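Protein chains in written order, with the numbering used here: chain A, 78 to 278; chain B, 113 to 259; chain C, 87 to 304.
Think of the CB as a built atom: it goes at the ideal place given N, C-alpha and C, for glycine as much as any other residue.
Bear in mind that the values here come from a model prediction, so they are computed numbers and not experimental data.
First up is the structure itself, then whatever we jot down about it.
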Amino acid sequence: MWGNYSYGLLVIMIAAVIAFFALAREHDDLHKLLLIDLVEIISLGIIALLGTDLAEALILPGLTVGIAELLALSQIYCTKERIRAAPVKGLNIEVITKADAPLILSVFLVVYGMVLSGFTGGAVAGLGLVFLFISRSYREELNLLEMASGISWALWIFAFFVFMFLPEYWFIALMGAAIGILLKVTVKMSLVGTMWGENHG
Amino acid sequence: MIIRKISHFLCNYENIMPLFAGACTLLFIAGFLFLPIQYTDNQLYPKTIDRNSSLDPYDRGGPPFTQVTIAAQYMENSPAAGLVTSYLTPFSLYLSRTTPHMGTTIVAHPGGIIDEILYNTRGLDTVVEATILFIAFAIASYIYRKV
Amino acid sequence: MASIGGIPSYILEFGDELVYFTPYTITLFLLALTFTVLVIISRPERQVDIAFGGDAYRAKEISLSEMRFRRFMAIACGLASMGAMVTGDIFNFTLFTAMVGITNVGIVAAVKSPHVQDAAYQYGLVALSATVPLFAGAAVYAAATGSLSMIELMKGTLPAVPLIAKAMLVIGVVGEGMAPFYAAKAEMFRAPGAPYVIMCSLSSLLIFLRVVEVVLLG
Chain A
78 MWGNYSYGLL
88 VIMIAAVIAF
98 FALAREHDDL
108 HKLLLIDLVE
118 IISLGIIALL
128 GTDLAEALIL
138 PGLTVGIAEL
148 LALSQIYCTK
158 ERIRAAPVKG
168 LNIEVITKAD
178 APLILSVFLV
188 VYGMVLSGFT
198 GGAVAGLGLV
208 FLFISRSYRE
218 ELNLLEMASG
228 ISWALWIFAF
238 FVFMFLPEYW
248 FIALMGAAIG
258 ILLKVTVKMS
268 LVGTMWGENH
278 G
Chain B
113 MIIRKISHFL
123 CNYENIMPLF
133 AGACTLLFIA
143 GFLFLPIQYT
153 DNQLYPKTID
163 RNSSLDPYDR
173 GGPPFTQVTI
183 AAQYMENSPA
193 AGLVTSYLTP
203 FSLYLSRTTP
213 HMGTTIVAHP
223 GGIIDEILYN
233 TRGLDTVVEA
243 TILFIAFAIA
253 SYIYRKV
Chain C
87 MASIGGIPSY
97 ILEFGDELVY
107 FTPYTITLFL
117 LALTFTVLVI
127 ISRPERQVDI
137 AFGGDAYRAK
147 EISLSEMRFR
157 RFMAIACGLA
167 SMGAMVTGDI
177 FNFTLFTAMV
187 GITNVGIVAA
197 VKSPHVQDAA
207 YQYGLVALSA
217 TVPLFAGAAV
227 YAAATGSLSM
237 IELMKGTLPA
247 VPLIAKAMLV
257 IGVVGEGMAP
267 FYAAKAEMFR
277 APGAPYVIMC
287 SLSSLLIFLR
297 VVEVVLLG
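Given below as structure tokens:
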């Protein structure tokens with residue numbers, strides 16, 4: 078019996094055949110990476126076909142795994158091909174004397190991110206930190222950021238165990254998980270931002 | 113002889129990716145034959161949409177600190193299920209009462225159905241997912257610093 | 087309730103996701119545990135190059151940080167395989183499998199040799215694209231049966247799992263566990279590997295063994 082689900086699956090499978098066929102024919106390493114980024118969307122689509130709240134919750138880990146592996150692979154690609162960030166020397170445009178951006182913008186973004194908390198909050202606060210590092214030519218401590226990332230991860234695991242073993246304290250667990258993810262996303266955003274920007278200073 | 117040829121083909125790692133992609137292509141083509149797949153209506157965490165709610169696509173809970181019923185697999189294992197989804201921070205509560213747009217930013221605050229599933233009933237998924245992210249960042253930053 | 091793995095003897099509850107031990111999975115779990123402990127306590131080997139036709143030989147220089155990093159990856163790989171052995175949830179199993187894949191990439195990619203890096207990259211591409219059939223298989227499981235719990239699938243009261251979902255799961259695991267077939271090979275001859283490379287092979291073997299049980303469930 079052909080229901081909506083089967084029709085959706087048919088479309089996704091056609092997309093999968095096209096994408097994997099392209100992947101099988103591609104020889105260039107960089108293009109393979111780009112195509113895989115495209116292929117990942119198919120798995121998100123097939124999960125989304127579930128159409129329940131569970132699907133939404135499953136998409137998030139699926140997306141994260143894809144992005145994480147893509148990040149690691151692109152770094153391996155850069156090393157393998159010996160690609161380095163070429164330092165930019167004197168742009169050929171009229172440059173007005175570089176001045177520090179007002180701190181208030183970063184502060185606003187970080188505070189607003191904290192108010193939002195959760196995923197979006199982390200992204201906004203991370204943007205604020207990146208902005209701070211870039212605009213104020215800050216020599217940031219990568220190790221410090223990584224440590225904060227590790228601590229927030231531990232906080233999240235702790236929250237998970239509270240949920241599992243002390244369910245009556247669910248509120249504390251929820252807040253712990255929310256703050257953990259806020260810290261984590263913030264740190265990761267600023268890490269990615271500064272990893273790219275480090276060599277240009 | 114055939115095995116030797118196959119192993120000779122496989123020992124060149126440039127060939128692995130096309131081989132795997134080809135296998136996936138064949139698999140999904142074969143998938144057409146199985147196609148009318150019966151969708152079971154009795155799903156976990158079913159989605160219902162109340163267009164009149166100010167939390168529109170994500171409204172699952174009643175007032176904060178009340179427990180709503182969540183169709184989880186093992187209800188008895190998560191006694192707190194249904195509390196997280198109804199919780200709103202005071203700021204979010206204010207937004208949801210004054211504007212009709214809170215639902216579009218529901219992932220931006222602690223609470224809500226996604227947090228319910230990700231942290232509470234299926235928390236182990238999130239732990240593994242966060243760990244994968246952690247590992248990938250460790251690999252990337254190690255390789256980045258090494259060169 | 088009987089299945090290939092035997093009767094679940096001990097069930098640990100994490101909300102909707104159950105961790106269960108059958109005689110089959112507990113054997114695999116103990117194997118992974120033993121190897122992880124071995125990786126923690128053992129000292130890595132040193133590779134020696136011998137000049138052909140002479141008495142000269144020299145040990146390859148390996149930095150301490152590289153060995154530390156690879157040990158960390160090998161331990162993470164062991165933990166991921168342990169998780170994949172005992173989890174009782176289809177989606178959780180796919181996540182653990184994906185983690186085995188990325189840690190295998192990490193074990194190999196830390197080596198400086200360009201050849202090894204190239205092998206790691208190619209393997210990483212396969213591991214990354216294998217997440218597609220893996221997650222797709224889990225999603226079809228959920229859509230067709232309405233459940234992701236292996237315990238529920240074992241009971242036999244749910245609708246049958248479509249063959250295509252099982253095939254997707256298997257090919258996904260094959261993609262994630264491909265490391266020993268060539269990445270380790272490139273590695274063993276050109277870079278000092280043991281005991282960390284053994285972890286690649288062992289974890290792949292374990293996830294293959296586990297997916298057989300998973301596929302025969304529903």
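- Query: Could you give the C-beta distance for C/Ser235 and B/Gln185, rounded to a whole number, given that I count them as a contact under 8 Å?
  - Reply: 5 Å
- the region 121–152 of chain B: which residues have C-beta closer than 8 Å to a C-beta of chain C, in chain order? Here the close residues are Leu122, Cys123, Tyr125, Glu126, Ile128, Met129, Phe132, Ala133, Ala135, Cys136, Leu139, Ala142, Gly143, Phe146, Ile149, Gln150, Tyr151, Thr152.
- Query: Does the Cβ of A/Met224 have 16 or more other Cβ atoms within 10 Å, making it buried, or fewer, making it exposed?
  - Reply: exposed
- Item | Under 9 Å between C-beta atoms of C/Ala184 and A/Val142 | yes
- Task: Classify C/Ala88 as helix, strand or coil using the three-state DSSP reduction.
- Result: Confidence in C/Ala88 is poor, its pLDDT being 49 and thus under 50, which makes the residue's placement too unreliable to answer from.
- Query: Would the beta-carbon of A/Leu87 fall within 9 Å of that of B/Leu138?
  - Reply: Using a Cβ distance threshold of 9 Å, A/Leu87 and B/Leu138 do not count as a contacting pair.
- Where DSSP assigns a beta bridge to C/Glu99, which residues make up the other side? C/Leu104
- Query: chain A beta carbons: is any one of them nearer than 9 Å to that of C/Ile188?
  - Reply: By this cut-off, C/Ile188 is an interface position.
- Query: So which of C/Val297, C/Ala196, C/Ala230 has the shortest CA-CA distance to B/Leu156?
  - Reply: C/Ala230
- Item | Residue-level contact to chain B via CB, A/Ala250, 9 Å cutoff | yes
- A/Ala254 versus C/Gly174 - alpha carbon distance: 24 Å
- Buried or exposed: B/Leu126, going by 16 or more other Cβ atoms within 10 Å of its Cβ? In the sequence on display, residue 126 of chain B carries Glu and not Leu. Under this definition B/Glu126 is an exposed residue.
- Task: Please go through the same chain and pick out, in chain order, the residues whose beta-carbon is closer than 7 Å to the beta-carbon of A/Met252, but skip the five residues on each side of it.
- Result: none
- Query: Thinking just about the alpha-carbon of each residue, which of C/Gly192, C/Leu249, C/Ala216 is nearest to the one in A/Gly68?
  - Reply: Because residue 68 of chain A is not part of the residues shown, which for chain A are 78 to 278, the question remains open.
- Query: Are the region 287–297 of chain C and the region 252–264 of chain C touching, with three or more C-beta to C-beta distances below 8 Å?
  - Reply: Touching, yes.
- Tell me, to the nearest whole angstrom, how far the beta carbon of C/Val125 is from that of C/Tyr282; I am working on the premise that it is less than 8 Å. 7 Å
- Kindly indicate which residue of B/Pro202, B/Leu207, B/Thr233, B/Leu205 has the alpha-carbon position closest to the one of B/Ala193. Minimum Cα distance to B/Ala193 is reached at B/Thr233.
- Which term fits A/Trp230, buried or exposed, when burial requires 16 or more other beta carbons within 10 angstroms of its beta carbon? buried
- Cβ of C/Met264 within 9 Å of any chain B Cβ: Chain B, which has a Cβ nearer than 9 Å to the Cβ of C/Met264, makes this yes.
- Which chain B residues are close to C/Phe182, counting only those with a beta carbon under 7 Å from its beta carbon? Val240
- Message: Please report whether the beta-carbon of B/Arg116 lies at a distance below 9 Å from any beta-carbon of chain A.
- Response: no
- Item | Buried or exposed by the 16-neighbour rule on C-beta atoms within 10 Å, applied to A/Tyr37 | With chain A covering 78 to 278 only, the question about residue 37 of chain A has no answer from this structure.
- Message: Here's the rule I'm using: 16 or more other beta-carbon atoms within 10 Å means buried, otherwise exposed. How should B/Met113 be labelled?
- Response: exposed
- Establish whether the CB of A/Ile118 and some CB of chain B are separated by less than 9 Å. It does not: the Cβ of A/Ile118 has no partner Cβ on chain B nearer than 9 Å.
- Message: Which residue marks the beginning of the alpha helix (DSSP H) containing B/Asn154, and which one marks its end?
- Response: Per DSSP, B/Asn154 belongs to no alpha helix (DSSP H) and is neither H nor E.
- Touch test, the region 126–135 of chain A against the region 219–228 of chain C, Cβ-Cβ under 8 Å, three pairs minimum: yes
- Task: Counting only the same chain and skipping the five closest in sequence on each side, list residues whose C-beta sits under 8 Å from that of A/Trp247.
- Result: Val239, Phe240
- Message: With a threshold of 8 Å, are at least 3 pairs of Cβ atoms found where one atom belongs to the region 95–109 of chain C and the other to the region 230–246 of chain B?
- Response: yes
- Message: Quick check on B/Tyr170: does DSSP put it in helix, strand or coil?
- Response: helix
- Message: With a threshold of 9 Å between beta-carbons, can C/Ala228 be considered close to chain A, or not?
- Response: yes
- Message: Please classify A/Ala145 as buried or exposed, where buried requires at least 16 neighbouring CB atoms within 10 angstroms.
- Response: Result: buried.
- Message: With a threshold of 6 Å on Cβ separation, who are the neighbours of C/Gln203 within its own chain once the five nearest residues in sequence on each side are excluded?
- Response: none
- Query: In whole angstroms, what is the alpha-carbon distance linking B/Ile322 and A/Gly128?
  - Reply: Residue coverage of chain B in this structure runs from 113 to 259, which leaves residue 322 of chain B outside it and unanswerable.
- Query: Quick one: which chain B residues come within Cβ less than 8 Å of C/Ala195?
  - Reply: In chain order: Ile251, Ile255.
- Using the Cα positions of A/Leu293 and C/Ile161, report the straight-line distance between them to the nearest angstrom. Nothing in the structure corresponds to residue 293 of chain A, since chain A is present only between 78 and 278.
- Query: From what residue to what residue does the alpha helix (DSSP H) around B/Glu241 run?
  - Reply: Run containing B/Glu241: 235–258, per the alpha helix (DSSP H) assignment.
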